[in-house]
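Working notes, structure below.
Numbering (my numbering), first residue to last: 100 to 373.
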């Protein structure tokens with residue numbers, strides 16, 4: 100089988116192009132491809148969806164490992180190319196915006212797996228879109244901008260800990276698989292990437308409504324430079340005196356900042372505001 104770089108070079112010679120408007124950068128590093136495949140929890144009966152297959156360099160490695168896979172691609176030129184290159188595999192190429200994909204439409208009520216090299220400009224919305232369908236996924240192996248991977252895996256008390264960190268961590272155990280140099284892509288992007296695996300599971304002790312929880316979390320982070328009491332008062336539209344009273348009942352000081360609170364503390368805090 101051709102190497103990823105040889106495969107990409109052949110397709111480029113025949114007219115394949117990376118579209119800047121779609122944030123396309125094609126993975127050409129075989130070692131990274133093998134790591135993504137090895138890190139993914141794929142069973143013989145696991146339906147698989149790949150987001151943004153591009154030229155299909157990863158798709159052709161994944162297809163033989165599952166009974167059926169779907170490749171979600173928005174670029175019509177790449178769709179025509181994928182059908183030609185993957186005709187020997189059981190791959191259904193879907194012409195659709197990944198942000199509109201309903202996994203139930205693909206494989207019904209079964210539990211599937213997601214793999215993707217996510218476009219930088221819609222990474223967070225895509226992650227959130229599929230976390231909302233966590234009842235149909237056992238996990239995800241995704242490549243994202245290194246900075247985003249660090250934010251996802253951030254711990255309380257750090258400057259990069261925030262809403263994205265909390266949103267992912269209440270839905271999944273996060274494992275960083277590897278950092279990926281910009282030189283692993285063609286064209287070469289301006290930033291490095293990282294591969295992470297999300298093993299989806301219910302968060303232990305999470306016993307509040309998610310809408311209530313995120314209403315409090317978003318209010319807390321609405322003004323990061325201010326103390327928690329001020330941020331919550333402004334974000335929730337409450338008088339500061341009432342906020343302080345409720346926080347005291349929760350055993351959390353109003354002088355703290357949002358990034359210092361653990362998920363468990365946000366759960367406690369949410370209960371004091373519902």
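For glycine and all other residues, C-beta sits at the position ideal for the given N, C-alpha and C.
Quantities reported herein were computed from a predicted structural model and do not represent experimental measurements.
Proximal residues to residue i (C-beta, below 6 angstroms), its chain only, five neighbours per side dropped
i: residue 104; result: 127
i: residue 210; result: 237
i: residue 222; result: 243, 247
i: residue 312; result: 369
i: residue 290; result: 244
i: residue 129; result: 102, 103
i: residue 335; result: 318
i: residue 150; result: 171, 197, 215
i: residue 361; result: 255
Top-ranked residue by Cα proximity to residue i, from the options
i: residue 274; options: 293, 190, 165; result: 293
i: residue 356; options: 157, 325, 159; result: 325
i: residue 250; options: 241, 262, 239, 146; result: 262
i: residue 216; options: 191, 204, 245, 189; result: 245
i: residue 120; options: 173, 131, 158; result: 173
i: residue 123; options: 327, 354, 284; result: 284
i: residue 364; options: 344, 316, 334, 280; result: 316
i: residue 352; options: 334, 190, 319, 118; result: 319
i: residue 169; options: 136, 102, 206; result: 206
i: residue 189; options: 159, 203, 214; result: 159
i: residue 196; options: 167, 208, 228; result: 228
i: residue 239; options: 136, 279, 110, 201; result: 136
i: residue 279; options: 125, 100, 106, 143; result: 125
Assumed close pair residue i, residue j - CB separation to whole angstroms, cut-off 8 angstroms
i: residue 259; j: residue 266; result: Not really, about 14 angstroms apart at Cβ, beyond 8 angstroms.
i: residue 218; j: residue 198; result: Their Cβ separation, rounded to whole angstroms, is 10 angstroms, which puts residue 218 and residue 198 out of contact at 8 angstroms.
i: residue 162; j: residue 185; result: 7 angstroms
i: residue 302; j: residue 269; result: 4 angstroms
i: residue 256; j: residue 330; result: Not quite, the Cβ-Cβ distance comes to about 17 angstroms (not below 8 angstroms), so this is no contact.
i: residue 328; j: residue 339; result: 6 angstroms
i: residue 181; j: residue 115; result: Incorrect: roughly 11 angstroms between the Cβ atoms, too far for contact.
i: residue 154; j: residue 132; result: About 12 angstroms; that fails the 8 angstroms criterion.
i: residue 230; j: residue 203; result: 15 angstroms between Cβ atoms; not a contact.
i: residue 297; j: residue 214; result: The pair is not a contact, with the Cβ atoms about 11 angstroms apart (cut-off 8 angstroms).
Residue range of the unbroken alpha helix (DSSP H) whose run includes residue i
i: residue 133; result: 129-138
i: residue 158; result: 158-161
i: residue 220; result: Taken as a continuous stretch (DSSP letters only), residue 220 belongs to no alpha helix (DSSP H), as it is neither H nor E.
i: residue 110; result: 103-112
i: residue 263; result: 262-268
i: residue 167; result: Segment: none, residue 167 is in no alpha helix (DSSP H) and carries neither H nor E.
i: residue 372; result: Where residue 372 is concerned, there is no enclosing alpha helix (DSSP H), given that its DSSP letter is neither H nor E.
Cβ shell of residue i (< 8 angstroms), same chain only, five flanking positions each side left out
i: residue 307; result: 366, 369, 370, 373
i: residue 175; result: 194
i: residue 281; result: 287, 288, 289, 290, 291, 292
Run of the beta strand (DSSP E) containing residue i, from where it starts to where it stops
i: residue 353; result: Element bounds for residue 353: n/a, residue is neither H nor E.
i: residue 141; result: Counting along the chain, residue 141 falls outside any beta strand (DSSP E), and DSSP gives it neither H nor E.
i: residue 271; result: 271-279
i: residue 202; result: Looking at the DSSP string, residue 202 is not in any beta strand (DSSP E); the run it does join, the alpha helix (DSSP H), is 202-206.
i: residue 149; result: 147-150
i: residue 237; result: 236-244
Neighbourhood of residue i by C-beta distance below 7 angstroms, restricted to the same chain and skipping five residues each side
i: residue 145; result: 165, 211, 212
i: residue 178; result: 172, 192, 194
i: residue 134; result: 276, 277, 294
i: residue 118; result: 174
i: residue 333; result: 321, 322
i: residue 300; result: 271, 272
Near the ligand SAM: residue i beta-carbon under 8 angstroms from a heavy atom
i: residue 338; result: With respect to the ligand SAM, the structure offers nothing, as it holds no ligand at all.
Practice task
Write down every uninterrupted run of the beta strand (DSSP E) in the stretch 289-332 whose length is 3 residues or greater and which is fully enclosed by it, in chain order.
Solution key: 292-299
Practice task
Jot down the residue ranges of each uninterrupted alpha helix (DSSP H) in the stretch 171-197, minimum 4 residues, whole runs only, in chain order.
Solution key: 175-184
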